[in-house]
Each structure stands twice: as C-alpha cells, then as structure tokens.
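Sequences listed follow chains A and B, in order.
Here the first sequence stands for residues 1 to 113, where the numbers follow the working numbering.
Here the second sequence stands for residues 114 to 223, where the numbers follow the working numbering.
Presented below is the structure to which this report refers.
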Amino acid sequence: GENVEQHPSTLSVQEGDSAVIKCTYSDSASNYFPWYKQELGKRPQLIIDIRSNVGEKKDQRIAVTLNKTAKHFSLHITETQPEDSAVYFCAASRGFGNEKLTFGTGTRLTIIP
Amino acid sequence: DTAVSQTPKYLVTQMGNDKSIKCEQNLGHDTMYWYKQDSKKFLKIMFSYNNKELIINETVPNRFSPKSPDKAHLNLHINSLELGDSAVYFCASSHGLQQYFGPGTRLTVT
Numbered sequence: 001g002e003n004v005e006q007h008p009s010t011l012s013v014q015e016g017d018s019a020v021i022k023c024t025y026s027d028s029a030s031n032y033f034p035w036y037k038q039e040l041g042k043r044p045q046l047i048i049d050i051r052s053n054v055g056e057k058k059d060q061r062i063a064v065t066l067n068k069t070a071k072h073f074s075l076h077i078t079e080t081q082p083e084d085s086a087v088y089f090c091a092a093s094r095g096f097g098n099e100k101l102t103f104g105t106g107t108r109l110t111i112i113p
Numbered sequence: 114d115t116a117v118s119q120t121p122k123y124l125v126t127q128m129g130n131d132k133s134i135k136c137e138q139n140l141g142h143d144t145m146y147w148y149k150q151d152s153k154k155f156l157k158i159m160f161s162y163n164n165k166e167l168i169i170n171e172t173v174p175n176r177f178s179p180k181s182p183d184k185a186h187l188n189l190h191i192n193s194l195e196l197g198d199s200a201v202y203f204c205a206s207s208h209g210l211q212q213y214f215g216p217g218t219r220l221t222v223t
C-alpha cells in the first residue's frame, strides 16, 4: 500500500520568514495530494490540494509543488504569521472519489514572534 | 459551522465497556469515513462508506463496527473497550476528492 513520509517533524520559523514541509510517497499510482492544517484540539482542515496533472498550485501565502518523477511534494508558506502555528499533514491518494487518504506523520510548525 | 458533526465530543469510559460515536454530515456528500488519531497525532483510516455501502475496511479489530443508516450518518460502535483504544476519532465526508473532517471525539479508556 501507499506510504507517505513527511519531514521535518518539527519546524520553528521566525515570523515573516518562509516555511517548507516536504513529503515523499511510494505509490506511483497516487495522483491527489492534499495538505491539512490542524490547530491544537481542532479538526484537520484542508488548506490546499494538488492533482498530478499540475506541478504547482498557489493560494495567497501558501503553495504546493509536486515532482511526480521523484514522488515528492512540498508545502511552502511565505510571510509566516503566528496563526500559522499548527500541525500540518500531507496526504496522498489515487485520486478517485472514495479513495482513502494516506497521511504523513505531521509537522509541528511554530512561528516565533 | 456544522457541516460534519460528531457526538459526543468527549467520552471517558472503563475497559470492557461498549460505546458508540455518532457522525452526521449535512453537505450532501456520498462518502463518509472514520479515522483514528493516536497520541502521536498519526491519522489513520479505519472505515469508509459510500451510499451506505462499506468500501474501505482497514485492518481494524472486529470490536469496531461501523454502521451507516443513511448516507448522511455514520456511526462507530466499539465493543469491549481496551486501553489502546484511547485516541481521537474523526469522522469525515467527501464528494469527489476533498475530505472534510468533523470536530473529533476524544475517547479515553481507563
């Protein structure tokens, strides 16, 4: 089955700087890659996703890049703010409706004011 | 914002008891899921239903039994609770690729 590895497990960034979280996946048939943000005690919330037919997608301060050949994808957060502090999860699936998501192990991002 | 809701939010019970968690979504989605998040925050799929039909059944002890009375509801019944069942259980729903999570049920088994 699919295996998703995520690095780093913790990341501290000065406010205003950029943060990058990286994931690799094992199943070459995976073609849907969402990112979730989970604040303390809250539900995971979908913040951005990408399908394998595009290499990059951007939404304001967050962007995701995908390298399908190397089987890795990354989340980039620019101009970080204190409210970006949370645990971020990457995930992968084969991209059909009803497909299960396989999650990475999470990155705890702390923004230092 | 009650798109995907779960009850109860907290559940504290003793080993050996049987308990249920309920989930409801008002998004009109066809597919619903149960995930387990352990103490290390790892999120793992347990079950998935599409239009009341079980389509994903991961390696989960058969003490866990999901039930979907209709496509807007998915319940999880757990028999003979064990200490290792302590976790946060999230329900999610989807129509297409994007999955939306409920607020979670924190289950503590003592």
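Where a beta carbon is used, it is the ideal one built from N, C-alpha and C, also for glycine.
Being a predicted model, the structure only gives us computed values, none of them experimental.
Kindly indicate if chain B contains any beta-carbon less than 8 Å away from that of residue i.
{"i": "PRO44 of chain A", "result": "yes"}
{"i": "LEU101 of chain A", "result": "yes"}
{"i": "HIS105 of chain A", "result": "Contrary to the premise, residue 105 of chain A reads as Thr rather than His in this sequence. So yes, THR105 of chain A belongs to the interface."}
{"i": "GLY95 of chain A", "result": "yes"}
{"i": "ASP49 of chain A", "result": "yes"}
{"i": "VAL20 of chain A", "result": "no"}
{"i": "TYR88 of chain A", "result": "no"}
{"i": "TYR25 of chain A", "result": "no"}
Give a yes or no on whether 8 Å exceeds the smallest Cβ distance from residue i to chain A.
{"i": "LEU140 of chain B", "result": "no"}
{"i": "LYS154 of chain B", "result": "yes"}
{"i": "PHE177 of chain B", "result": "no"}
{"i": "PRO71 of chain B", "result": "Examination of residue 71 of chain B is not possible in this model, given that chain B is present from 114 through 223 alone."}
{"i": "TYR123 of chain B", "result": "no"}
{"i": "TYR213 of chain B", "result": "yes"}
{"i": "LEU220 of chain B", "result": "no"}
{"i": "LEU210 of chain B", "result": "yes"}
{"i": "ILE134 of chain B", "result": "no"}
{"i": "SER161 of chain B", "result": "yes"}
{"i": "ILE191 of chain B", "result": "no"}
Give the DSSP bridge partners of residue i, in chain order.
{"i": "THR65 of chain A", "result": "A:GLU56 and A:SER74"}
{"i": "ASP183 of chain B", "result": "B:HIS186"}
{"i": "LEU11 of chain A", "result": "A:LEU109"}
{"i": "LYS22 of chain A", "result": "A:HIS7 and A:SER74"}
{"i": "PHE214 of chain B", "result": "B:ALA205"}
{"i": "GLU166 of chain B", "result": "B:ASN163"}
{"i": "GLU137 of chain B", "result": "B:SER118 and B:HIS186"}
{"i": "LYS132 of chain B", "result": "B:ILE191"}
{"i": "THR172 of chain B", "result": "Looking at the DSSP assignment, THR172 of chain B forms no beta bridge with any residue, so it has no partner."}
I need the boundaries of the beta strand (DSSP E) containing residue i, first residue and last residue.
{"i": "SER206 of chain B", "result": "200–207"}
{"i": "ASN163 of chain B", "result": "156–163"}
{"i": "SER118 of chain B", "result": "117–120"}
{"i": "THR218 of chain B", "result": "218–222"}
{"i": "PRO34 of chain A", "result": "32–38"}
{"i": "GLN45 of chain A", "result": "45–51"}
{"i": "LEU124 of chain B", "result": "123–126"}
{"i": "GLU83 of chain A", "result": "Unbroken run through GLU83 of chain A: none, as it is neither H nor E."}
{"i": "THR144 of chain B", "result": "144–150"}
Could you give the C-beta distance for residue i and residue j, rounded to a whole number, given that I count them as a contact under 8 Å?
{"i": "PRO169 of chain B", "j": "SER178 of chain B", "result": "It should be noted that the sequence gives Ile, not Pro, for residue 169 of chain B. Actually they do not touch by this definition, with Cβ atoms about 14 Å apart."}
{"i": "ALA200 of chain B", "j": "TYR213 of chain B", "result": "Contact doesn't hold; Cβ gap of about 20 Å is too wide."}
{"i": "SER193 of chain B", "j": "ASP131 of chain B", "result": "7 Å"}
{"i": "TYR25 of chain A", "j": "GLU2 of chain A", "result": "6 Å"}
{"i": "PRO121 of chain B", "j": "THR218 of chain B", "result": "6 Å"}
{"i": "TYR202 of chain B", "j": "ILE134 of chain B", "result": "6 Å"}
{"i": "PHE103 of chain A", "j": "VAL4 of chain A", "result": "6 Å"}
{"i": "HIS72 of chain A", "j": "ILE62 of chain A", "result": "No, HIS72 of chain A and ILE62 of chain A are not in contact; Cβ-Cβ is about 17 Å, not under 8 Å."}
Looking only at its own chain, which residues have a Cβ that is under 8 Å from the Cβ of residue i, when we skip the five neighbours before and after it?
{"i": "PRO113 of chain A", "result": "GLU15 and PRO82"}
{"i": "GLU99 of chain A", "result": "TYR32 and SER93"}
Taking 7 Å as the line, does the beta carbon of residue i fall inside it for any heavy atom of the ligand COA?
{"i": "ALA70 of chain A", "result": "The ligand COA is not part of the structure shown, which contains no ligands of any sort."}
What residues in its chain sit with their C-beta under 6 Å from that of residue i, if we drop five residues either side in the sequence?
{"i": "TYR146 of chain B", "result": "SER161 and ALA205"}
{"i": "GLY209 of chain B", "result": "none"}
{"i": "GLN127 of chain B", "result": "THR223"}
{"i": "ARG114 of chain A", "result": "A question about residue 114 of chain A goes unanswered here, because the residues of chain A that appear run from 1 up to 113."}
{"i": "ARG196 of chain B", "result": "The identity of residue 196 of chain B in the sequence shown is Leu, whereas the question assumes Arg. VAL222, listed in sequence order."}
{"i": "PRO34 of chain A", "result": "LEU46, ASP49 and ALA91"}
Starting from the C-beta of residue i, find all residues in its chain whose C-beta is less than 7 Å away, skip the five residues before and the five after it, and write them out in chain order.
{"i": "GLY129 of chain B", "result": "SER193 and LEU194"}
{"i": "PRO8 of chain A", "result": "THR107"}
Any beta-carbon of chain E closer than 8 Å to the one on residue i?
{"i": "ILE111 of chain A", "result": "Protein chains A and B are contained in the structure displayed, whereas chain E is not."}
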